[in-house]
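Novice: Chains as they are written, first to last, in my numbering: chain A, 173 to 285; chain B, 230 to 463. Glycine included, C-beta positions come from ideal geometry on N, C-alpha and C. In this text the structure is predicted, and so the values were computed from the model without any measurement.
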Amino acid sequence: MHEYSIVQALLERVQAEVDARNATAVHGLRVKIGELSGVEIDLLQSAYELFSERSICDGAKLEIVPVAARWTCPNCERTMRRGEILRCPDCSLPAQLIEGSEIVLDRLEMEVA
Amino acid sequence: MCETCGCGDPEVVPVEIQESLLSENDRQAQHNREHFEGHGVLAINLMGSPGSGKTAVLEATAKAQDGKGRLCALSGDLATDNDAARLEASGIPSLSITTGSACHLDARLVHRALHDLDWHDREMVFIENVGNLVCPAIYDLGQAVNVVALAVTEGEDKPLKYPVMFRKADLVLLTKVDLLPHLPQVNVEVIEDALARTMPEPNVIQVSAVTGEGIDQWLAWLEQLKGAAVPAAT
């Protein structure tokens with residue numbers, strides 16, 4: 173259940189931003205979670221609801237944007253199909269993960285006096 | 230203040246952050262990495278399911294090196310220090326990191342433990358992670374390489390079920406291969422095919438801690454890494 177650790181890092185990062193900008197409240201947060209990040213979206217949402225209660229984020233809506241894994245050939249940029257062997261059949265090069273590993277705080281909506 | 234009409238109401242503003250939520254761990258991990266590299270010590274993050282044979286492989290490693298390897302280990306465990314005690318008994322100076330309910334090691338836990346382990350004059354430090362095929366893969370510890378122990382008894386489709394872990398592996402140690410004659414339903418080629426669909430550069434060594442099979446190949450793999458810092462998969 174590392175989702176609790178992720179939420180803790182999220183709340184600390186938001187608090188730092190609130191302090192830096194003298195914000196008085198947080199209305200919303202948007203995070204991007206990759207399919208291959210190892211973070212379960214449902215568990216992250218539950219952990220957020222539990223831990224945000226006594227934080228600056230109490231009442232702020234968490235929007236989670238899932239990002240699908242995308243493996244491509246570094247040479248011809250061919251995208252590998254889901255479940256396919258991760259080596260380009262044309263160039264014989266190992267595929268690269270272009271997106272799908274992110275655990276990112278994307279955006280905040282804050283109230284400033 | 231609201232800038233539209235100056236009414237005094239608070240204003241809601243969007244703020245773009247676009248920052249990894251692991252950045253604090255990554256910063257600490259980089260600090261650990263600089264420590265390891267600065268002392269010429271190869272750090273190996275050894276992961277795998279509970280019972281996959283992580284400790285047994287390290288015991289076999291110490292035995293094969295006959296005490297000449299200058300190894301040491303940190304061992305993550307939820308509730309006991311049994312693994313560290315086993316490693317100590319096999320001749321590897323070890324320290325247990327008891328994580329309580331935490332399912333993984335993070336860079337901060339490793340950093341703190343390094344203060345209590347005499348590792349500076351060692352050639353290698355093995356960081357035996359908590360037995361778990363999900364959470365440990367997420368946290369960079371400052372290691373040079375990620376190694377995943379996968380036992381032949383775990384099921385041929387394990388890599389497909391846990392792609393996050395295997396994607397990050399620089400090497401998979403396929404353990405307990407001495408049991409294969411008793412497991413007619415297990416086909417190593419099927420396991421290797423599953424790894425090729427989760428690892429862009431699949432790299433597998435078959436080992437048995439019981440018979441010693443493959444341990445030489447594992448030692449040779451470690452040997453070629455010494456002195457050549459290899460960045461871990463990101």
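So is VAL377(B) in contact with chain A if we call contact Cβ pairs under 8 Å?
Specialist: What you label residue 377(B) is simply residue 148 of the second sequence in a count that begins at 1. So no, VAL377(B) is outside the interface.
Novice: Rounded to whole angstroms, what is the Cα-Cα separation between TYR220(A) and GLN453(B)?
Specialist: One-based indexing of the first sequence puts residue 220(A) at position 48. One-based indexing of the second sequence puts residue 453(B) at position 224. Using only the alpha carbons, I get a separation of about 44 Å.
Novice: Could you pull out every unbroken beta strand (DSSP E) segment of at least 3 residues lying fully inside the stretch 245-305 of chain B, listed in chain order?
Specialist: Listed in chain order, they are 271-277.
Novice: Exposed or buried, what is LEU226(A) when buried is set at 16 or more other beta-carbons lying within 10 Å of its beta-carbon?
Specialist: On the first sequence, position 54 is the one that residue 226(A) refers to. Note that residue 226(A) corresponds to Arg in the displayed sequence, not to Leu. Exposed: under 16 other Cβ atoms inside 10 Å.
Novice: Where does ARG341(B) land, buried or exposed, given buried means 16+ other C-beta within 10 angstroms?
Specialist: For the purposes of this step, residue 341(B) is taken as the residue at position 112 of the second sequence. Answer is exposed; the Cβ neighbour count stays below 16.
Novice: Can you confirm whether ILE367(B), when its beta carbon is compared against all beta carbons of chain A, has any partner nearer than 8 Å?
Specialist: The residue labelled residue 367(B) in the question sits at position 138 within the second sequence. At least one chain A Cβ lies under 8 Å of ILE367(B).
Novice: Kindly confirm or deny that the stretch 384-396 of chain B and the stretch 294-305 of chain B touch, where touching means at least three C-beta pairs closer than 8 Å.
Specialist: Too few Cβ pairs lie closer than 8 Å, so no.
Novice: With the cut-off set at 8 Å, would you say ASN358(B) and LEU251(B) are in Cβ contact?
Specialist: Numbered from its first residue, the second sequence carries residue 358(B) at position 129. Numbered from its first residue, the second sequence carries residue 251(B) at position 22. Taking 8 Å as the Cβ cut-off, ASN358(B) and LEU251(B) do not qualify as a contacting pair.
Novice: Alpha carbons only, please: which of THR404(B), ILE246(B) and THR327(B) is nearest the one belonging to GLN446(B)?
Specialist: To locate residue 446(B), count along the second sequence from 1; it is residue 217. Among THR404(B), ILE246(B) and THR327(B), the Cα nearest to that of GLN446(B) belongs to THR404(B).
Novice: Could you tell me which chain A residues have their CB closer than 7 Å to the CB of LEU408(B), listed as they occur along the chain?
Specialist: In the second sequence, residue 408(B) corresponds to position 179, counting from 1. Correct list: empty, because the minimum Cβ distance to chain A is about 27 Å.
Novice: Please check the pair LEU287(B) and ILE321(B), which I expect to be a contact at CB under 8 Å, by giving their CB distance rounded to whole angstroms.
Specialist: Sequence index remark: in the second sequence, residue 287(B) carries index 58 (1-based). Sequence index remark: in the second sequence, residue 321(B) carries index 92 (1-based). With 8 Å as the limit, LEU287(B) and ILE321(B) qualify as a contact, their Cβ atoms being about 6 Å apart.
Novice: Since VAL241(B) contacts HIS199(A) with CB under 8 Å, what's their CB separation in whole angstroms?
Specialist: The residue given as residue 241(B) occupies position 12 in the second sequence. The residue given as residue 199(A) occupies position 27 in the first sequence. That belief holds up - the Cβ atoms of VAL241(B) and HIS199(A) are roughly 5 Å apart, short of 8 Å.
Novice: Quick one: Cα of ALA461(B) to Cα of VAL376(B), how far?
Specialist: To locate residue 461(B), count along the second sequence from 1; it is residue 232. To locate residue 376(B), count along the second sequence from 1; it is residue 147. Residue confidence is low: ALA461(B) scores 48 on pLDDT, short of 50, so the model does not pin down where it sits. Its coordinate-derived value is still stated next. Between ALA461(B) and VAL376(B), the C-alpha separation is close to 10 Å.
Novice: Can you list, in chain order, the residues of its chain whose CB lies under 6 Å from that of PRO388(B), leaving out five sequence neighbours each side?
Specialist: Within the second sequence, residue 388(B) is the residue found at index 159, counting from 1. Answer for PRO388(B): PHE395, ALA423, LEU424 and THR427, listed in chain order.
Novice: Looking at chain B, is there any beta carbon in it that lies within less than 8 Å of the beta carbon of THR196(A)?
Specialist: Along the first sequence, one-based indexing puts residue 196(A) at 24. Yes, THR196(A) lies at the interface with chain B (some Cβ there is under 8 Å from its Cβ).
Novice: What does ALA425(B) reach in chain A if we use C-beta pairs closer than 8 Å?
Specialist: Mapped onto the second sequence, residue 425(B) falls at position 196. Under the 8 Å cutoff, chain A gives ILE257, LEU258 and ARG259.
Novice: To the nearest angstrom, report how far apart PRO261(A) and VAL439(B) are at their CA atoms.
Specialist: Stepping through the first sequence from its first residue, residue 261(A) is reached at position 89. Stepping through the second sequence from its first residue, residue 439(B) is reached at position 210. Distance between the alpha carbons of PRO261(A) and VAL439(B): 39 Å.
Novice: Which runs of the beta strand (DSSP E) at least 3 residues long sit entirely within the stretch 356-399 of chain B? Give them in chain order.
Specialist: Qualifying beta strand (DSSP E) stretches, in chain order: 374-380.
Novice: Quick one: residues in its chain with C-beta nearer than 6 Å to the C-beta of HIS290(B), no 5 flanking neighbours on either side, listed in chain order?
Specialist: Residue mapping note: residue 290(B) aligns to position 61 of the second sequence, counting from 1. Sequence check: residue 290(B) is Thr here, not His. Taken in chain order, the list of residues that qualify is empty.
Novice: Report the three-state DSSP secondary structure of ASP278(A) (helix, strand or coil).
Specialist: The sequence position of residue 278(A) within the first sequence is 106, counting from 1. Strand, per DSSP.
Novice: Compare the Cα-Cα distances from ALA331(B) to each of LEU409(B), TYR368(B), VAL417(B) and SER249(B) and report the closest residue.
Specialist: Start at 1 with the first residue of the second sequence, and residue 331(B) comes out as number 102. Checked all of LEU409(B), TYR368(B), VAL417(B) and SER249(B); the closest Cα to ALA331(B) is TYR368(B).
Novice: Taking a contact to mean a Cβ-Cβ separation below 8 Å, would you say LEU400(B) touches TRP450(B) in this structure?
Specialist: As a working mapping, residue 400(B) is identified with position 171 in the second sequence. As a working mapping, residue 450(B) is identified with position 221 in the second sequence. Contact flag set, yes.
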